[in-house]
Structure formats: C-alpha cells, structure tokens
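>
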Amino acid sequence: MFSKLFNPDSIAVIGASHDPRKIGYVVLKNLASHNYRGSVYPVNPKGGEILGYKVYKDVSEIPDVDLSVITLPAGLTVKVFEDVAKKSKFIIPIAGGFGELGPEGKKMEQKLLEIAQKYGARIVGPNTVGILIPSTGVNTALIVPERSRFPEDGVLSFITQSGALGLLTMDSFAMYGVGVHAFVNLGNRVDVNENELLRYFGEDPDTKAVVLYIESFRNGREFMEIAKEVSKKKGVVVLKAGRTSRGGKAASLHTGALGGNDAVADGAFKQCGVIRAYNEIELMDYGRALAYGKPLNGKRIAVVTSAGGVGVVTTDYIESNVHGVGLKMAELSEEIKRKIKEEIVPFASAENPVDMTAQASDDDYDEVLRALNEDPNVDAILVYALFQTPLISEKLVDIIVKWHKDGDKPIVVGTIGSEFALNMFRKFEKNAVPVYPTIERAVKALRVLYDRGRILRRWNE
Amino acid sequence: MNEYETKMLLRRYGIKVPEGRVVEKLEDVESLNLKYPLVAKVLSEKILHKSDVGGVILNIQNKDEAKNAFLKIHEKFSTPVLFEEMAGGGVELIIGVLRDPSFGPAIMFGLGGIFTEVYRDVTFRVLPITEADAWDMLEDIRGSKILKGYRGVKVNREAIVDTLLKISRLVMDNGDKIEGMDLNPVLAGENDCIVLDAKLIEASRQ
Chain A
163 MFSKLFNPDS IAVIGASHDP RKIGYVVLKN LASHNYRGSV YPVNPKGGEI LGYKVYKDVS
223 EIPDVDLSVI TLPAGLTVKV FEDVAKKSKF IIPIAGGFGE LGPEGKKMEQ KLLEIAQKYG
283 ARIVGPNTVG ILIPSTGVNT ALIVPERSRF PEDGVLSFIT QSGALGLLTM DSFAMYGVGV
343 HAFVNLGNRV DVNENELLRY FGEDPDTKAV VLYIESFRNG REFMEIAKEV SKKKGVVVLK
403 AGRTSRGGKA ASLHTGALGG NDAVADGAFK QCGVIRAYNE IELMDYGRAL AYGKPLNGKR
463 IAVVTSAGGV GVVTTDYIES NVHGVGLKMA ELSEEIKRKI KEEIVPFASA ENPVDMTAQA
523 SDDDYDEVLR ALNEDPNVDA ILVYALFQTP LISEKLVDII VKWHKDGDKP IVVGTIGSEF
583 ALNMFRKFEK NAVPVYPTIE RAVKALRVLY DRGRILRRWN E
Chain B
17 MNEYETKMLL RRYGIKVPEG RVVEKLEDVE SLNLKYPLVA KVLSEKILHK SDVGGVILNI
77 QNKDEAKNAF LKIHEKFSTP VLFEEMAGGG VELIIGVLRD PSFGPAIMFG LGGIFTEVYR
137 DVTFRVLPIT EADAWDMLED IRGSKILKGY RGVKVNREAI VDTLLKISRL VMDNGDKIEG
197 MDLNPVLAGE NDCIVLDAKL IEASRQ
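Chains as they are written, first to last, in the numbering used here: chain A, 163 to 623; chain B, 17 to 222.
(1) Measure from the C-beta of residue 610 of chain A to each C-beta in chain B and report whether the shortest distance is under 7 Å.
(2) Check whether the Cβ of residue 191 of chain B lies closer than 7 Å to any Cβ atom in chain A.
(3) With DSSP collapsed to three states, give me the class of residue 196 of chain A.
(4) Just curious, the beta strand (DSSP E) that residue 543 of chain A is in, first and last residue?
(5) Going along the chain, which residues of its own chain have a beta-carbon closer than 6 Å to the beta-carbon of residue 299 of chain A, five neighbours each way excluded?
(6) Consult DSSP for residue 482 of chain A and reduce its assignment to one of helix, strand or coil.
(7) I believe residue 224 of chain A touches residue 218 of chain A by the beta-carbon criterion, under 8 Å. Please report the beta-carbon distance rounded to the nearest angstrom.
(8) For the stretch 425-437 of chain A, which residues have a CB atom closer than 8 Å to at least one CB atom of chain B, in sequence order?
(9) Identify each residue in the stretch 138-153 of chain B for which the Cβ-Cβ distance to at least one residue of chain A is less than 9 Å, and report them in chain order.
(10) For residue 243 of chain A, count neighbouring Cβ atoms within 10 angstroms of its own Cβ and tell me buried if that reaches 16, exposed if not.
(11) Can you tell which of B:205, B:28 and B:139 has the C-alpha that lies nearest to the C-alpha of residue 173 of chain B?
(12) Output needed for residue 216 of chain B: all residues of its chain with C-beta closer than 7 Å, excluding positions within five of it in sequence on either side, in chain order.
(13) To which residues of the same chain is residue 270 of chain A closer than 6 Å at the C-beta, ignoring the five residues directly before and after it?
(14) Residue ranges of each alpha helix (DSSP H) run of no fewer than 4 residues wholly in the stretch 523-584 of chain A, ordered along the chain?
(15) For residue 614 of chain A, would you say it is in contact with chain B, using Cβ-to-Cβ distances shorter than 7 Å as the test?
(16) Once DSSP output is grouped into helix, strand and coil, what is the label at residue 180 of chain A?
(17) With 16 other CB atoms within 10 Å as the buried threshold, where does residue 272 of chain A fall?
(18) Just mark residue 622 of chain A as buried or exposed, buried being the case when its beta carbon has 16 or more other beta carbons within 10 Å.
(19) When Cβ atoms are compared, which residues of the stretch 53-70 of chain B fall closer than 7 Å to chain A?
(20) Does DSSP classify residue 600 of chain A as helix, strand or coil?
(21) Counting pairs of Cβ atoms below 8 Å between the stretch 46-66 of chain B and the stretch 96-111 of chain B, do you hit three or more?
(22) Mind listing which residues of the stretch 376-396 of chain A have their C-beta closer than 7 Å to chain B's C-betas, in chain order?
(23) Since residue 620 of chain A meets chain B, which of its residues come closer than 7 Å, beta carbon to beta carbon?
(24) Going by beta carbon distance, what residues of the same chain come within less than 6 Å of residue 120 of chain B, once the five residues before and after it are set aside?
(25) Go to residue 500 of chain A, then tell me how far its alpha helix (DSSP H) extends in each direction, as first and last residue.
(26) May I ask which residues mark the beginning and end of the beta strand (DSSP E) holding residue 49 of chain B?
(27) Measure from the C-beta of residue 409 of chain A to each C-beta in chain B and report whether the shortest distance is under 7 Å.
(28) Under 8 Å Cβ-Cβ, which residues of chain A neighbour residue 120 of chain B?
(29) Taking residue 124 of chain B as part of the beta strand (DSSP E), name the residues at either end of that continuous run.
(30) What are the start and end residues of the alpha helix (DSSP H) that includes residue 90 of chain B?
(31) When you compare only the Cα positions, how much space is there between residue 506 of chain A and residue 496 of chain A?
(32) Bridge partners of residue 140 of chain B, per DSSP?
(33) DSSP state of residue 370 of chain A, grouped into three classes?
(34) Okay, do the stretch 393-404 of chain A and the stretch 372-381 of chain A touch, 3+ Cβ pairs below 8 Å being the bar?
(35) Report the residue ranges of all alpha helix (DSSP H) runs contained in full by the stretch 290-371 of chain A; include only those spanning at least 4 residues, in chain order.
(36) Under 7 Å, do residue 190 of chain A and residue 178 of chain A count as touching if we go by C-beta distance?
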C-alpha cells in the first residue's frame, strides 16, 4: 500500500525554489543527486528552470503524481493543499507550525487530513523531514550534503518520530557503510502512523529488521498486535523516549505512581517480541544484529581474540549482570580444546577465551573457527578481527564472512582500531556480518541475538 | 468501591482474601464468628491510607478487645468497621492495576514494602497476560531470588502466577469500570497467595 510512496513514478515539488538555502531547492537537489529516475514536477509561480528541471507555474499545470512534497510554510501549505490532494496519491507537507504549536495548528492539520481523505490521498507529516529511500533516489530531507552523509541502500527500515535524530543517526552510521532500505519521519503523524508502516515493512521482503524511534504511541495496543506478528518474521527494535505523566485519581495509588514513567511500555515490548534500545547507537546496532545475525539457542559464548586483554574484558562483559549482559562463557569440550592446542595453534591458549596471540595467522583463525563450529558446548562465537599484527591480513575478513554464511553457529565480530579497522568494518558490513567497533557493543549485540532466540522460541511454543 | 466490596469481587474470581465481616453496630461484634487474632480496619472508600490515620488495629485476641477496637474506630471515623482474620508469614508482594494512556489496562507486580517504596522493584505487563507473561514477571524483578526460597522462607510461585492470571481475567471482564487497583500487601506463603489489603478506584463515568 505504500509502494508508490517509496517507489513513486513521479514527484511534484510544490514550492520549488531557485534559492539553494531553501528546502524547495534542496529537495530537488537531492532528487537530482540521488539519481531519482521518475518524472519531477517542480511548481513555483515564477516558472523558469531549476537544476535542469522545467518549473510549472501552478499545480493545475502538472499531471497526476504519485508523490507531492510541499515545501511551503504552514499557511501556504493549507492554501494549496486541496489542489495538490486532487493530483496526488501521497503528500509530504514538510512545514512545521501545525499541531506541535497548539490547538490552532491542530485544527489546521486536521483540515489537511479532511482534504486528503476527500481525494483519497495519504499524508506523511506535517512537520517532517519526509522520507529517504536510497534504492529509488527519493529523498526529501533538508540537510547540507557537503557536511553530512546519506546512507546507501540497506536492509533496515527506520521509522522515526523525530526527523533530526533520525538523520543524525543515519549520518553517523553512513560512515561505517551502514545503509537503510527506507527512512520515514512521521512528523506530527496526522495520517500515516508507525503501526501501518511497521505492518508494511513487516511484509516487505527488502526489509530484514525494523527500527523505530518513538516518543508516544498512536495506539499502543494495536502496535503490540502488529509488532507481535512482525517479530515472528523479523526483528523489531524500539528506541522509546519521553515519559508520560500520569495524572488523575489513579496517581494516589502505588501502582499509578510507579507506572508514571514508561514502565508499562517496557512490559509491553517484552510481550510483543520487541527489543528495546536506549539510545540511537543501540537502535542501529541491535537492528543490524537482528538483520544480519542468527538468533542464539543458548547462552554459551566462545570468544576468539589475538589480544589477551580484549578477551578478559569481553569475558567480564559477557558474564556480569552489572556492566555486562548476563550470558555465559562456553566450557569448550575436551576434544575441541585438544584439537586447537595440538593441531592448530600450539602457541595459543585453548581455554575460552581462545587467545590466538600475535603469532596467529589468517589460516589459524580459519581452523579455530572450524573447530568451534563443531563444538556442541558452544552456542555462539564472538570473534575479534584485529588487523594490527603482522600475520593478519584482509583475508581474515573473507574467512570470517565464510563462517558467518556457511557455519551453523551465530557469529558476532568485533574489530577495533582506526582507519584500517574502519575499512575492514565496512567490508564486513557489506557482507551483512554483525560487526561492532567496541567490546561492549559486540557483546550487547550477542545479548540481543540471544533475546531474539528466546522471542522466536516463545512464538513457536 | 470499599475494601470489603473489592475483596468480594476478588473472591468471585477465585483470589484468596482473609475471612472478614463488616460490623456497623457494637452488638454485632458478639456474632463475628471469626478465628482470632483479628485485625479491625476503618471501612471507607474515601480513606486510602488507613494506617496513616489510625484506622487499623492489629492483633485483636478476644471479644473484649474486638469491642474496644470497634468503638475506637467507629467513634473516630463514624464508619462501619471491617474485622478480618489475621494472616502472617511468607513474603509481601504488591500487585496493582492501572490504565496506561497508550496501552490501556496494565498489571504491576513487585515485592512489597521497601522493595517497592525505595527500590521501585516492580514490573509491568499490558493486560490480558498469558501464563508465560506471568512467569516472566516473577523473573523480571531484581528481587526474584527471594521468591525462590530465601533464608528458609518458602513461597509457592505457582500460586502467585495463578493470582496474576485471575486478576488479569477480573480486569478484562470489568476493565472499563476499573481506573486503578492496589493489592498491597499480598502475602505469598508456602501454600497460597492471599490479598491482605485491596484498594480499587472506579473509573469515573463521563
């Protein structure tokens, strides 16, 4: 139902501008520079040409379009809205100055909704940065391209109530080569809401996990029903912010006072198979873990590292409940320990964490990963790809990718360091390996995959 | 809804509450037919925190003490008095219900007393809950170990799960009438789970 929103054959930009500082220009620039292949119809009473696109003087001059982006201020948006609604399947009114300002603005946006419903158009927003779909080149976001990065195509679909937080998050992850399949900023959510979109991305074969930033749910019970269905097929992560204040008579009860923060949302997520994130880094990290990784069937983790200290800190993070995730270090089976010690790396420690030391080569890693994949005492492997020692090369990436794809055990990768490590990170990312740049983030990803396993087992009961 | 009415509602759903009688006249203390020791409580839906205002008398051992307790409470508040058999031992729990603006009716579970008041060690679920949800709630709280037998205090965890599920059913049947509910304390013992105090706030009708 949203396919013409994300993959429109034609886009009108109402309020297109010649001024590079105006959103009416930036949207056109985005379409041009992201190779949007459909027809573009800029509308501005002055006419002329912008970025090679012919400008239409009035909405009445353009044909019917799949998507209209209105880049005018709130007042003018209301004015042109009926003309636009007649011609559009989807409308994105970018302007703020609606419901977020109070009852007057609320009335204005209700008016938009009435008009849209009259003509069968759907609204994303208002007060939104709109949508970003790298695969189709549709991008309505207002940011300066010289100072930020847009993500490439990926497998995460990102629904956010805050446009700015969403764009900043994608900007910071774009550096690591993390892409998104779709980004939607709900804005004031007068029409299209998170529940419809979650259901849509749940069915969408190009979406491997859905991540949401939500301050308040439009309809919490409906969200739970949809999230439960979606979570049977793919991971759902929610960064829930904002506290609801609970007034009224019930606040005089203990229960009312204790439920005053978002404790109820926390319980709701556990009931409907949603993984909770507490900041934007976790949101993307967990989304990537669920999209790329295999769920764990148990808590026993084998750790492979060439740096002893990394193994020790990792062990603490795996086992501890405070500054840790409460999983277990695997007791490797005697047979596997013997194999590692006698046949593969006699110089290394074959206890868990398996410390390969700086003498280890790419091929040693290959053999150790093969052995651990056979160990019945291991539920998942955390392997550190540390490129700072002489016998390790880029080939290690291919070896780990191979075991991630062909091995039975879930694998999470940690890679620590500067530019070179970052490049290797991108290679892992391109191969859909759950890779993380710090010990803590790698271990937390394991925990999320463990939780995912529990969720799936619960649904299969 | 006053405490006695609330407890009768709980009892209809198979939730255990102490044996109790509402006494309006001193003479009625004669025919109480309850097992001592008793507790006497002011019975009024307007008074939410009974012990703070001196509305609770514990450890009543015989008829004379019961009469004194009745007079004391009745003179102070001019309300009926609820006499109940006293129960002790086990672990104190709190179970509550509220209406969340986004998620609707929800249930809370935690260890009572300072665990609730100081540590806020409680967990919520949206109603209705499944049996698996109820077991999750027992595991969710930081003090979950206490329910698994701590220093010789044995707790019947099945009875707690059963109580949570019965409250879920009660709220789903009467949800639009209930604004909030505090069952505090609920005493979890070796055999059963019994609601010692219950407050229910009815939803105001528009």
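Glycine is no exception: its CB is placed at the ideal position from the N, C-alpha and C atoms.
Walking through what the data contain:
(1) Residue 610 of chain A sits at position 448 when you count from the first residue of the first sequence. Cβ-Cβ to chain B under 7 Å: no for residue 610 of chain A.
(2) Position 175 of the second sequence, counted from the first residue, corresponds to residue 191 of chain B. No, no contact with chain A.
(3) For the purposes of this step, residue 196 of chain A is taken as residue 34 along the first sequence, with counting starting at 1. Looking at residue 196 of chain A - three-state DSSP - the assignment turns out to be coil, as it is neither helix nor strand.
(4) Stepping through the first sequence from its first residue, residue 543 of chain A is reached at position 381. Counting along the chain, the beta strand (DSSP E) containing residue 543 of chain A begins and ends at 542-546.
(5) Along the first sequence, read from residue 1 onward, the residue named residue 299 of chain A stands at position 137. 196, 197 and 198, listed in sequence order.
(6) To locate residue 482 of chain A, count along the first sequence from 1; it is residue 320. Three-state DSSP puts residue 482 of chain A in coil, outside helix and strand.
(7) For the purposes of this step, residue 224 of chain A is identified with residue 62 of the first sequence, where counting begins at 1. For the purposes of this step, residue 218 of chain A is identified with residue 56 of the first sequence, where counting begins at 1. With 8 Å as the limit, residue 224 of chain A and residue 218 of chain A qualify as a contact, their Cβ atoms being about 5 Å apart.
(8) 425, 426, 427, 428, 429, 430, 432 and 433
(9) 138, 139, 140, 141, 142, 145, 146, 148, 149, 152 and 153
(10) Your numbering for residue 243 of chain A matches position 81 in the first sequence. With 16 or more Cβ atoms within 10 Å of its Cβ, residue 243 of chain A is classed as buried.
(11) On the second sequence, position 157 is the one that residue 173 of chain B refers to. When only C-alpha atoms are compared, the closest one is B:205.
(12) As a first step, residue 216 of chain B must be located in the second sequence, where it is residue number 200. Same-chain partners within the cutoff: 17, 22, 194 and 197.
(13) The residue labelled residue 270 of chain A in the question sits at position 108 within the first sequence. Same-chain partners within the cutoff: 240 and 260.
(14) 524-536 and 557-568
(15) Numbered from 1 along the first sequence, position 452 holds the residue referred to as residue 614 of chain A. So, not an interface residue.
(16) The residue you call residue 180 of chain A lines up with position 18 of the first sequence. Correct three-state label for residue 180 of chain A: coil.
(17) Here residue 272 of chain A corresponds to residue number 110 of the first sequence, with the count starting at 1. So residue 272 of chain A counts as exposed.
(18) Within the first sequence, residue 622 of chain A is the residue found at index 460, counting from 1. Answer is exposed; the Cβ neighbour count stays below 16.
(19) 64
(20) Against the first sequence, residue 600 of chain A aligns to sequence position 438. Three-state result, residue 600 of chain A: coil.
(21) yes
(22) 378, 379, 382, 383 and 386
(23) Translated into positions along the first sequence, residue 620 of chain A becomes position 458. 148, listed in chain order.
(24) Sequence index remark: in the second sequence, residue 120 of chain B carries index 104 (1-based). So no residue of the chain qualifies.
(25) For the purposes of this step, residue 500 of chain A is taken as the residue at position 338 of the first sequence. Note, residue 500 of chain A: alpha helix (DSSP H), 496-500.
(26) Stepping through the second sequence from its first residue, residue 49 of chain B is reached at position 33. Looking at the DSSP string, residue 49 of chain B is not in any beta strand (DSSP E), and its letter there is neither H nor E.
(27) Translated into positions along the first sequence, residue 409 of chain A becomes position 247. Only weak support is given to the placement of residue 409 of chain A: the predicted model assigns it a pLDDT of 47, under 50, and the value that follows is read from those uncertain coordinates. Chain B contact via Cβ: absent.
(28) As a position in the second sequence, residue 120 of chain B is number 104, starting the count at 1. Under the 8 Å cutoff, chain A gives 382 and 383.
(29) Here residue 124 of chain B refers to the residue found at position 108 when the second sequence is read from its first residue. That run of the beta strand (DSSP E) goes 120-127.
(30) Within the second sequence, the letter at position 74 stands for residue 90 of chain B. Note, residue 90 of chain B: alpha helix (DSSP H), 79-93.
(31) Translated into positions along the first sequence, residue 506 of chain A becomes position 344. Translated into positions along the first sequence, residue 496 of chain A becomes position 334. Roughly 15 Å between the two C-alpha positions.
(32) Residue 140 of chain B sits at position 124 when you count from the first residue of the second sequence. Paired residues: B:124.
(33) Locating residue 370 of chain A in the first sequence gives position 208, counting from the first residue. Residue state, collapsed to three classes: coil.
(34) yes
(35) 325-336 and 356-365
(36) Position 28 of the first sequence, counting from 1, holds the residue named residue 190 of chain A. Position 16 of the first sequence, counting from 1, holds the residue named residue 178 of chain A. Yes, they are a contact pair.
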